[in-house]
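Below is one structure, written out as structure tokens; the observations come after it.
Residue numbers (the working numbering): 110 to 216.
Quick look at the structure:
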């Protein structure tokens, strides 16, 4: 995956805690799926890895003298919650097998 081994271990640890993978330590250690790829949704993976929300409202302070500034965050928060919900619904309908299958066939 062309990344630092510690990063891979961190992600695997999170996936293991969520029951999505099994790992074994040591010289002949391994990692494997804890259940079939068609039983693991991408939402399971997303939640297990504690990925941040897809969208966020800026953290700039509200300017109380500006009508737009005083209402912007609350308004955008509702819109972005709907976007996040739609994103998660899409992930829930996508199984790991849907992603891995085409990769295996092209290899």
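We put the CB at the ideal spot given by N, CA and C, even for glycine.
Three-state secondary structure assigned by DSSP to residue i
| i | result |
| --- | --- |
| residue 140 | strand |
| residue 132 | strand |
| residue 122 | helix |
| residue 168 | coil |
Closest by C-alpha distance to residue i, when choosing among the options
| i | options | result |
| --- | --- | --- |
| residue 135 | 118, 192 and 151 | 118 |
| residue 169 | 160, 163 and 179 | 179 |
Whole-Å CB distance - residue i paired with residue j, under 8 Å assumed
| i | j | result |
| --- | --- | --- |
| residue 122 | residue 201 | Residue 122 to residue 201, Cβ: 23 Å. No contact. |
| residue 146 | residue 209 | 6 Å |
N- and C-terminal bounds of the alpha helix (DSSP H) containing residue i
| i | result |
| --- | --- |
| residue 146 | Residue 146 -> no alpha helix (DSSP H), and no H or E assigned at all. |
| residue 181 | 176 to 201 |
| residue 151 | 151 to 157 |
For residue i, the residue or residues it bridges with in DSSP
| i | result |
| --- | --- |
| residue 204 | 150 |
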